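Novice: Protein chains in written order, with the numbering used here: chain A, 2 to 211; chain B, 14 to 104.
Every residue gets a Cβ at the ideal spot worked out from N, C-alpha and C, and that includes glycine.
Computed from a prediction, not measured in an experiment: that's the story for all the values here.
Once you've had a glance at the structure underneath, I'll fire off some questions.
As structure tokens, this is what we get:
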């Protein structure tokens with residue numbers, strides 16, 4: 002096996018790693034929103050006699066967000082751990098990477114993709130949705146800043162807001178760009194899975210004929 | 014994280030690992046399998062004469078035979094091909 006598959010393997014691991022990082026950040030945001038909902042509404046709730054008001058609904062929603070966020074953080078972190086584990090092994094044997102070492106890494110990745118295909122598709126979907134939300138939200142803030150601009154705004158309020166909007170917009174665009182790249186990588190892995198089944202059939206026939 | 018290997022991928026791993034003589038426990042640990050499945054796979058490979066058993070100091074070791082080279086080469090080439098075909102698709 003020459004250097005090209007090894008280079009491609011490293012590139013594709015980086016793609017999966019970026020998918021894990023994007024999902025980790027989105028799930029952390031989700032968890033943070035959930036916690037904010039809970040904290041902001043718990044003290045309001047204590048001032049009301051009735052338990053049936055919007056604060057209760059927001060607290061429940063907050064718990065739901067937190068649980069989903071936490072669950073997805075764990076899932077994304079496990080994916081990150083798996084990829085970095087292979088990357089480290091490749092990194093340490095970089096200079097003397099043999100055919101068998103590369104084949105072993107390919108087997109690991111194919112086996113991982115085979116087992117986690119639905120989760121990876123969900124992660125891609127979340128990245129797209131997250132990207133859309135961030136772009137829309139930053140557009141909204143830009144419009145708000147332009148339309149409701151007040152010359153009395155003092156430093157650092159306005160400048161800080163501009164920085165946060167730029168960060169949000171860049172993050173949204175980056176998610177779009179990366180997700181497109183990841184989607185094409187996932188379609189290649191789908192082809193690989195199909196071809197691995199065909200390869201398996203060839204091996205089976207060859208083994209049985211002996 | 015969980016991953017699902019096919020039996021041929023596991024055969025390849027066992028055969029590559031047993032290029033140097035290995036104990037049953039070492040194979041279990043290296044291939045991350047349970048003892049029953051490992052025994053089934055080893056029985057299959059023994060039947061195909063892809064591995065042999067050697068005894069040393071009253072200990073049983075498994076060693077890959079020359080006959081398995083054909084399987085290893087076929088498997089490696091097919092997986093290499095699989096990866097290169099996808100590369101062409103990727104452009």
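(1) Is the number of C-beta pairs between the stretch 65-72 of chain A and the stretch 29-43 of chain A that are closer than 8 Å three or more?
(2) Residues in its own chain within less than 8 Å of residue 12(B) by CB, not counting five upstream and five downstream?
(3) Since residue 77(B) is in the beta strand (DSSP E), which residue starts that stretch and which ends it?
(4) Residues of chain B with CB under 7 Å from residue 115(A), in chain order?
(5) Any chance the stretch 134-146 of chain A sits against the stretch 180-192 of chain A, with 3 or more Cβ pairs inside 8 Å?
(6) Sort 48(B), 68(B), 76(B) by Cα distance to residue 58(B) and report the nearest one.
(7) Alpha carbon to alpha carbon, how far is residue 23(A) from residue 177(A)?
(8) Measure the C-alpha to C-alpha separation of residue 205(A) and residue 91(A) and round it to an integer number of angstroms.
(9) At least one CB of chain A closer than 7 Å to the CB of residue 92(B): is that the case?
(10) For the stretch 21-36 of chain B, enumerate the residues whose C-beta is nearer than 8 Å to any C-beta of chain A, in chain order.
(11) With a CB to CB cut of under 6 Å and the five nearest residues on each side skipped, what residues in its chain are close to residue 17(A)?
(12) Whose Cβ in chain B lies nearer than 8 Å to the Cβ of residue 180(A)?
(13) What would DSSP say about residue 68(B), mapped onto helix, strand or coil?
(14) When you compare only the Cα positions, how much space is there between residue 133(A) and residue 174(A)?
(15) I want to verify the contact list: residues of chain A whose CB lies under 9 Å from the CB of residue 76(B), in sequence order.
(16) Quick one: what's got a C-beta closer than 7 Å to residue 192(A)'s C-beta in the same chain, skipping five residues either side?
(17) Check this for me: beta carbons of residue 197(A) and residue 111(A), under 7 Å apart or not?
(18) Could you compute how far the alpha carbon of residue 60(A) sits from the alpha carbon of residue 31(A)?
(19) Could you give the C-beta distance for residue 201(A) and residue 63(B), rounded to a whole number, given that I count them as a contact under 8 Å?
(20) Alpha carbon to alpha carbon, how far is residue 42(A) from residue 57(A)?
Specialist: Put simply:
(1) yes
(2) Given a span of 14 to 104 for chain B in the structure shown, any question on residue 12(B) remains unanswerable.
(3) As a working note, residue 77(B) is residue 64 in the second chain. 72-77 is the extent of the beta strand (DSSP E) around residue 77(B).
(4) As a working mapping, residue 115(A) is identified with position 114 in the first chain. Simply 17.
(5) no
(6) Position 45 of the second chain, counted from the first residue, corresponds to residue 58(B). For residue 58(B), the nearest C-alpha among the options comes from 76(B).
(7) Start at 1 with the first residue of the first chain, and residue 23(A) comes out as number 22. Start at 1 with the first residue of the first chain, and residue 177(A) comes out as number 176. Residue 23(A) and residue 177(A): Cα-Cα distance of roughly 11 Å.
(8) Position 204 of the first chain holds residue 205(A). Position 90 of the first chain holds residue 91(A). One C-alpha to the other measures close to 30 Å.
(9) Position 79 of the second chain, counted from the start, is the residue given in the question as residue 92(B). Interface residue, yes.
(10) 21, 22, 25, 26, 29
(11) Start at 1 with the first residue of the first chain, and residue 17(A) comes out as number 16. Contacts found: 84.
(12) One-based indexing of the first chain puts residue 180(A) at position 179. Ordered by position in chain B, no residue passes the 8 Å Cβ test against residue 180(A), which lies about 17 Å from the chain.
(13) For the purposes of this step, residue 68(B) is taken as the residue at position 55 of the second chain. Three-state result, residue 68(B): strand.
(14) Residue mapping note: residue 133(A) aligns to position 132 of the first chain, counting from 1. Residue mapping note: residue 174(A) aligns to position 173 of the first chain, counting from 1. For residue 133(A) and residue 174(A), the distance between alpha carbons rounds to 9 Å.
(15) Working through the second chain from its first residue, we reach residue 76(B) at position 63. Result: empty, since nearest Cβ-Cβ is about 17 Å, beyond 9 Å.
(16) For the purposes of this step, residue 192(A) is taken as residue 191 along the first chain, with counting starting at 1. There are no such residues.
(17) Numbered from 1 along the first chain, position 196 holds the residue referred to as residue 197(A). Numbered from 1 along the first chain, position 110 holds the residue referred to as residue 111(A). The answer is yes: Cβ separation under 7 Å.
(18) Here residue 60(A) refers to the residue found at position 59 when the first chain is read from its first residue. Here residue 31(A) refers to the residue found at position 30 when the first chain is read from its first residue. For residue 60(A) and residue 31(A), the distance between alpha carbons rounds to 14 Å.
(19) Taking the first chain and counting its residues from 1, one reaches residue 201(A) at position 200. Taking the second chain and counting its residues from 1, one reaches residue 63(B) at position 50. Not a contact, Cβ separation roughly 16 Å.
(20) One-based indexing of the first chain puts residue 42(A) at position 41. One-based indexing of the first chain puts residue 57(A) at position 56. Near 8 Å, if we compare the C-alpha coordinates of residue 57(A) and residue 42(A).
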